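Numbering that gives the first Met the number 0 applies: residue 0 is where the sequence shown begins, and numbers increase by one.
We treat Cβ as the ideally placed atom computed from N, Cα and C, and that holds for glycine.
Just so it is clear, the structure is predicted and the values come from calculations on it, not from any experiment.
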Amino acid sequence: MVGIHDLNAYFDIAASAGGVNIVPHVRAAAPVDVSYSLRITRTGGAGSASLTRSGESRLAGGEDQPLATLRLSVDSGDICQATLVLHVNGEHAEYSVDCNPHRATN
């Protein structure tokens, strides 16, 4: 049986004018049904915002599957966090990433 340890997840984060496109990807070692929840939060000078998407996907073995695409406006000083929670056969795993490519480094 395929478990959570058989999945590989990563985020594709691309800057766009005044914003960011966030696409979580999952790859499975063998065919499996996955449910997911994606939450993106942004806080900063313009206030705060939160986007949430959830769903289910059937992954083929070795397939790299984009789960969703979310776009959020961000400024260079904003804090942006993307969190993906995957559920497979009673197990779950959480993946988080800073999702603001415009963020100024100090």
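- Alpha-carbon spacing of residue 191 relative to residue 87, whole angstroms: Beyond the ends of the chain as shown, which are 0 and 105, falls residue 191; an answer cannot be given.
- Query: Tell me which same chain residues have a C-beta within less than 6 Å of the C-beta of residue 42, skipping the five on either side of it?
  - Reply: 78
- Query: So, is the C-beta of residue 14 closer than 8 Å to a C-beta in chain C?
  - Reply: Absent from the structure: chain C. Only one protein chain is present.
- Message: Which of the three DSSP states is assigned to residue 24 in this structure?
- Response: strand
- CA nearest to the CA of residue 84, picked from 37, 72, 5 and 73: 37
- Query: Are there 16 or more other CB atoms within 10 angstroms of the CB of residue 99, so buried, or fewer, so exposed?
  - Reply: buried
- Task: Spell out the partners DSSP gives residue 91 in its beta bridges.
- Result: 86
- For residue 65, is the classification buried or exposed, using 16 other Cβ atoms within 10 angstroms of its Cβ as the cut-off for buried? exposed
- Cα-Cα, which of 40, 60 and 1 is closest to residue 52? 40
- Integer-rounded CB distance, given that residue 92 should sit under 8 Å from residue 58: Not quite, the Cβ-Cβ distance comes to about 14 Å (not below 8 Å), so this is no contact.
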